[in-house]
Amino acid sequence: MKRKKDKAWFALFTVPTLIAFVTVVIIPFFIGIYYSFFSWDGIPANPKIFVGFDNYAKLIGEKRFMTSAWLTTKFTVMTLIAVNVIGLGLALLVTTKLKFRNAARSMFFMPNLIGGLILGYIWKFIFSDAFLVMGEVTGFKSIFFNWMIDPQYSLYAMVIVFTWQMAGYVMIIYIAGIGSIPEDVLEAAKVDGANFWQKLTKVTFPLLMPSFTICLFLTVSNSFKIFDVNLSLTGGGPSNSTELLAMNIYNEIFGYNNFGYGQSKAIIFFIIVAAITLTQVAITKKREVEM
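As C-alpha cells, this is what we get:
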C-alpha cells in the first residue's frame, strides 16, 4: 500500500513536468528537424519547398556562419577560463575565516540575479559613454574609449559581462564542493607538512572534480548558447563582428525569413553543443572515478 502511495506521489510531481518538457522541448525539436529539409519563409500561407539536405550543404560553405562558429568558440574558451578561475578564487576566498564572508557571497552572486538583457544595456552604457568620460579624465584613451565600435574589444566586452554574471553562480557550486571535503583529510595534509599550494593542488582540486564537472558543463553550454547579452550589448556589431551562433540563427530565421535554412543551422548548432558538452562531461567524470 505504501509503495502504491509513493508511486502516486511520484507521478503527481513528475508527470506534469514531463508533459511540459515533451510539449515545449521534444515536439518542437522534431518539428524543427522536419522544417530543416524545406525552403520556407515561415509564413503558413506560403508553400514549403522540399530541398532535402541542400540546407545543410549550403551552411557548410557559408562564410558568415563559419565566422560566427569561430567567434563562438573563441568566446567560449575565454569565458570557460575566466568564469571558473574567478569563481573558484571567490569560493576559496569566502570559505576562509573572513568576517564579511556571508556579505561577500551575496555580493558576488548578485549579478546572476540580473537578467541578461538588462545587464547588457547597463554595460553597454559603461563601455561606451562611461569609458569615453574616463578616457578624458584619466588620459588613458588607448584603454578607455568606446569599446562598442571596435570588433575585437566588443568581443572582450561580452566576455567581461558574461564572466561578471556567471562567476558568482559557479562560486556557489564550488563553495558546496569545498564544504563537502572532509576536515580530517585537510588536517592530515597539514600534519604531513603540506603547504597551501600543495593542499590546494593535491587535496582540494582532486576532491572538487564533481564540482568542476558541473561548472565546466554549465559554462560551456551557456557560453555557446548566449543570446540575450549578445543582443543587448553589441547587437552582433559592429558589422556582424560579434554575431555569435545563437544570434546568427535568430537573424537567419526572423531577420531574413529563411525559416528552413535557419532550422538547419539550429540542428547543426545543437549537435555541436551536445558533442562538446558530452565529451567534456565524459572526460571530467572519468577523472572523478580515478580519484
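Heads up, the sequence shown is in the working numbering, so the first residue is 180 and it goes up one at a time. Just so it is clear, CB atoms sit at the ideal spot from N, CA and C, and this is done for glycine as well.
Beta-carbon within less than 6 Å of residue i's beta-carbon, same chain only, minus the 5 sequence neighbours each way: which residues are those?
i, result
"tyrosine 332", "Trp326"
"isoleucine 432", "Phe438, Gly441"
"leucine 334", "Thr421"
"tyrosine 235", "Ser443"
Which residues does DSSP list as the beta-bridge partners of residue i?
i, result
"isoleucine 328", "Isoleucine 328 pairs with nothing; no bridge assigned."
"serine 218", "Ile228"
Candidates the options: which alpha carbon is nearest residue i's?
i, options, result
"tyrosine 213", "Gly231, Asp329, Leu250", "Gly231"
"lysine 404", "Tyr335, Gly356, Tyr348, Ala445", "Ala445"
"lysine 237", "Ser215, Phe254, Val312", "Ser215"
"serine 307", "Ala336, Met289, Gly318, Ala283", "Ala336"
"proline 290", "Lys303, Tyr348, Asp329, Glu315", "Tyr348"
"phenylalanine 448", "Gly414, Ile239, Ile265, Tyr435", "Ile239"
"isoleucine 393", "Ala373, Val408, Gly356, Phe323", "Gly356"
"isoleucine 472", "Leu395, Val452, Asn430", "Because the chain is modelled from 180 through 470, residue 472 falls outside the range shown and cannot be assessed."
"glycine 158", "Val370, Phe208, Phe200, Ala346", "Here the chain comprises residues numbered 180 to 470, so residue 158 is not present and cannot be evaluated."
"asparagine 419", "Tyr353, Pro389, Met350, Ile328", "Ile328"
"tyrosine 429", "Phe209, Phe406, Ile210, Phe319", "Phe406"
"valine 262", "Lys276, Phe288, Ala282", "Phe288"
Between which two residues does the alpha helix (DSSP H) holding residue i run?
i, result
"serine 402", "388 to 404"
"glutamate 366", "362 to 370"
"valine 262", "242 to 273"
"tyrosine 299", "The question names tyrosine, but residue 299 in the sequence shown is glycine. Unbroken alpha helix (DSSP H) run through glycine 299: 295 to 304."
"leucine 238", "233 to 239"
"phenylalanine 310", "310 to 317"
"serine 420", "Taken as a continuous stretch (DSSP letters only), serine 420 belongs to no alpha helix (DSSP H), as it is neither H nor E."
"alanine 283", "280 to 288"
"lysine 378", "375 to 378"
Can you list, in chain order, the residues of its chain whose CB lies under 8 Å from that of residue i, leaving out five sequence neighbours each side?
i, result
"phenylalanine 344", "The question names phenylalanine, yet the displayed sequence has glutamine at residue 344. Excluding residues within five positions, the ones whose Cβ falls inside 8 Å are Pro290, Asn291, Ile293, Gly295, Leu298, Val408."
"isoleucine 455", "Val399, Phe403"
"methionine 470", "Any reading at methionine 470 must be qualified, since the residue scores a pLDDT of 46, below 50, and its modelled position is unreliable; no value is offered."
"serine 411", "Gly295, Leu296, Ile297, Leu298, Gly299, Tyr300, Lys303"
Can you find the residues in the same chain that come closer than 7 Å, C-beta to C-beta, to residue i, ignoring five residues on each side of it along the sequence?
i, result
"threonine 317", "Phe323"
"lysine 242", "none"
"glycine 460", "Checking the sequence shown, residue 460 turns out to be valine, not glycine. Contacts found: Thr392, Phe396."
"phenylalanine 310", "Phe323, Phe324, Asn325, Trp326"
"leucine 365", "Lys378, Val382"
"isoleucine 360", "Thr383, Leu386"
"arginine 466", "Met388"
"isoleucine 351", "Phe288"
Are the C-beta atoms of residue i and some chain C residue less than 8 Å apart?
i, result
"alanine 445", "The chain labelled as chain C is not found in the depicted structure, where only one protein chain is given."
Notebook entry, point to check: Three or more beta-carbon pairs under 8 Å between the region 245 to 253 and the region 376 to 385, yes or no?
Noted result: Flag = no, the region 245 to 253 and the region 376 to 385 do not touch.
Notebook entry, point to check: Are there three or more Cβ pairs, one per stretch, closer than 8 Å when the region 332 to 351 is compared with the region 290 to 306?
Noted result: As far as the Cβ criterion goes, the region 332 to 351 touches the region 290 to 306, which means the pair count is three or higher.
Check: Can we say the region 261 to 275 touches the region 410 to 430, given the rule of at least three CB pairs closer than 8 Å?
Finding: no
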